[in-house]
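Structure first, commentary second.
Numbering (the working numbering), first residue to last: 641 to 1141.
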């Protein structure tokens, strides 16, 4: 922080970097879930820890309960030293009466994050508070972008040659738990794992150990949140109006996405008996639900219906939309790589949603899209490159994803515009392939990458066996391939083993 700010009122912005990769760095459920709980409210919890170090008479001058305290307390009461304005988009915005107090808090928080997580980095931007919230908000976000661009992602020192090292992180092994050696980071994550939860939570999600031990990481992110905030705040300049408005908006986003997630999990619970009889535990597990940022792990067969449910319901009460990504992976596949694939799929869906001709009639509104990828190679995280290598033939891509999910309230013509990308077409063909002998379905899947000539030969064979529907709809071969790739994961049921034709 600049020394000239020490005696002035300042606005500070806090961002903990690398949270997602930190959570999914491990392949152990206990560490993944523990890490998600550890970082959930780490900045506000760190602020509370700082407040606890102060004399009791001073503590009421530091306000962190932004969801319920008086929005204008800092503006009206000059004795207030610190107040959290709001937390949104993973960032905390905090007002300080003096820069030197901010500096003390920053040092404490940096140490707190290091001690709690071992390897996460705290990015802090500080600007002088003026009378204009609009100018300060723009200034602090510009400063944060500058800091992130130049801030090195420092990591703890790795193991020296004579030290035993963790196979994933490379950090020195420093603890022993139940006969197993752990690094400090793993120890901290495991300490936050809920005591009432089974450590094999992911193993219990699979349909069957072995061949059917497929899981899915699903990542969902809200559309155009920056523009929504900008539109809401564009004419608001004073702090007294801006703070309650931003608080209301942040709480609304958290409520809309949080409630939709809860409703989705109830829906998943209803579907679970169709996947695994006598279900005694959930076939899904929340990892992150923070504002419009959602990540969860589930049985692979739940992923498509769950993401579709979320996207189709998120805009029911308020005018929201989102995009999603699904990474299907075997339980031994690295979780960190699977999450990167899910995130890349979500980015792919957003690109499709933001294409001009796919937007609403006003050219602004974007719809609900999702993409998916079956993880057979860790290089799939580089989605575009991976698909150029594995899903491209002489005729172009032989996949149709991403897919569109209809909006509950469509006032911008999005449903009609994107009908050709509708997930309903994928579900239609999944149902066809479910009822089709597996040998014929696999044969069609194998010839599609060979090009249209080979496809045509196979269609002639299928037509001779009574499957005329393929000849009549051969322009949908890209959707066929998408469906065939995940046909064993379709909620409609298992495909018959063989045929006698």
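Backbone N, C-alpha and C define an ideal beta-carbon position, used for all residues, glycine too. Computed from a predicted model, the values in this text were never measured in an experiment.
Pair within 8 Å by beta-carbon distance, residue 964 and residue 1010: yes
Limits of the unbroken beta strand (DSSP E) element including residue 972: Looking at the DSSP string, residue 972 is not in any beta strand (DSSP E), and its letter there is neither H nor E.
Cutoff 7 Å; reference residue 936; Cβ partners in own chain excluding five residues on either side: 858, 924, 925, 926, 927
Residue 881 versus 1092, 1030, 1097, 712, residue with shortest Cα-Cα distance: 712
Reference residue 683; option with closest CA among 716, 760, 663, 1048: 760
Contacts around residue 1066, its chain only, beta-carbon distance under 7 Å, and the 5 residues preceding and following it disregarded: 1043, 1119, 1122, 1123
Continuous alpha helix (DSSP H) assignments of at least 4 residues falling wholly in the segment 760-804: Complete alpha helix (DSSP H) runs here, min 4: 773-790.
Per-residue DSSP class, three states only, for residue 908: helix
CB of residue 861 within 8 Å of CB of residue 962, strictly: With contacts defined as CB atoms closer than 8 Å, residue 861 and residue 962 qualify as a contacting pair.
CB-CB length for residue 758 against residue 686, believed under 8 Å: So it is not a contact: roughly 15 Å between Cβ atoms.
Where the beta strand (DSSP E) through residue 655 begins and ends: 650-657
Distance between residue 786 and residue 821 (C-alpha atoms, nearest Å): 40 Å
Supposed close pair residue 767, residue 890 - CB separation, criterion 8 Å: Not really, about 20 Å apart at Cβ, beyond 8 Å.
Close beta carbons around residue 843, own chain, < 6 Å, minus the five adjacent residues each side: none
Endpoints, the beta strand (DSSP E) within which residue 814 is located: 813-817
Beta-carbon spacing of residue 1102, residue 1080 below 8 Å: yes
Classification of residue 1138 by the beta-carbon crowding that lies within 10 angstroms, buried from 16 upward: With a pLDDT of only 41 at residue 1138, under the threshold of 50, the placement of this residue in the model should not be trusted; the figure read from the coordinates follows. Exposed: under 16 other Cβ atoms inside 10 Å.
Segment contact flag, the segment 730-750 with the segment 902-909, C-beta cutoff 8 Å, min 3 pairs: no
Unbroken alpha helix (DSSP H) run spanning residue 924, endpoints: Counting along the chain, residue 924 falls outside any alpha helix (DSSP H), though it belongs to the beta strand (DSSP E) covering 924-930.
Per-residue DSSP class, three states only, for residue 854: Assignment of residue 854 by DSSP, reduced to helix, strand and coil, places it in the strand class.
Residue 1012 versus 1053, 867, 1064, 1126, residue with shortest Cα-Cα distance: Residue 1126 is the option with its Cα nearest to residue 1012.
Runs of beta strand (DSSP E) lying entirely within the segment 967-1053, each at least 3 residues, in chain order: 1008-1014, 1043-1045
Meets three-Cβ-pair contact criterion under 8 Å: the segment 663-675 and the segment 721-737: Too few Cβ pairs lie closer than 8 Å, so no.
Cross-strand partners of residue 939 (DSSP beta bridge): Answer by DSSP bridge pairing, in chain order: 855.
Own chain residues within Cβ distance below 7 Å of residue 676, not counting five before or after: 663, 927, 928
Buried or exposed by the 16-neighbour rule on C-beta atoms within 10 Å, applied to residue 1036: exposed
Cα-Cα separation, residue 746 to residue 792: 17 Å
Close beta carbons around residue 879, own chain, < 7 Å, minus the five adjacent residues each side: Cβ within range, chain order: 715, 773.
Start-to-end residues for the beta strand (DSSP E) that takes in residue 723: 722-728
Length of the line joining the Cα atoms of residue 613 and residue 1039: What is shown of the chain runs 641 to 1141, which leaves residue 613 out entirely.
Same chain, Cβ closer than 7 Å to residue 661, neighbours up to 5 away in sequence not counted: 976
Nearest-angstrom beta carbon gap, residue 749 and residue 735 [assumed within contact, 8 Å]: Distance from residue 735 to residue 749 at the Cβ level is roughly 15 Å; contact not present, criterion being Cβ atoms closer than 8 Å.
Whether residue 737 touches residue 644 by CB criterion (8 Å): no
Alpha-carbon spacing of residue 812 relative to residue 940, whole angstroms: 35 Å
Cα-Cα separation between residue 1135 and residue 1128, rounded to whole angstroms: Confidence at residue 1135 is low in this model, with a pLDDT of 37, below 50, so the placement of that residue is unreliable and no value is reported for it.
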